[in-house]
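**Student:** Below you will find the structure I want to go over with you.
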Amino acid sequence: MREIKFRGVGNKGNLIYGQYFVLPIGEHRIANYFTGENEIIDRQTLAQFTGLFDKNNQEIYENDKIKFDFDYSNKTFEGIVYFKNGSFYVDDNCPQGHLILGCLIENKRNVEII
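In case it helps, our numbering puts the sequence shown at residues -8 to 105.
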């Protein structure tokens, strides 16, 4: 079971982490009940927590740019995390298709946020 939380850029230009909601007047907000932060956010910066962590134990969110090892050629690849059809994927511009983020982590591919 993963924690459902979000990240977005607040109206002061800082990153806010917590629960996402929209007020009836149309304001998009994130509230962090532990810190008391509750700010209007830029909807374009909203990102959901994947429930997964990189090799440095950093939370991975949608739209994060990550690097990882994929094959045994000692090459490092890069991609952007996104959500589609109930899963988080990595768009690495590979024509064969995109990779499932959870598989990269499970297979110890040195996933790291950059």
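Even glycine gets a Cβ: it sits at the ideal position worked out from N, Cα and C.
From what residue to what residue does the beta strand (DSSP E) around Leu6 run?
**Tutor:** Note, Leu6: beta strand (DSSP E), Leu6 to Val13.
**Student:** Sorted by chain position, which residues of the same chain lie with C-beta nearer than 7 Å to Lys(-4)'s C-beta, five sequence neighbours on each side aside?
**Tutor:** Counting only Cβ-Cβ distances below 7 Å, and skipping sequence neighbours, we find Tyr8, Gly9, Gln10 and Phe40.
**Student:** Could you check how far apart the C-beta atoms of Gly93 and Leu43 are, in whole angstroms? I think they sit under 8 Å.
**Tutor:** With a Cβ gap of about 6 Å, Gly93 and Leu43 count as contacting.
**Student:** Whose CA, out of Arg(-7), Met(-8) and Val102, lies closest to the CA of Asn48?
**Tutor:** Taking only the C-alpha atoms, the option nearest Asn48 is Val102.
**Student:** Which class does Ile105 belong to by DSSP, given the choice of helix, strand or coil?
**Tutor:** Residue state, collapsed to three classes: coil.
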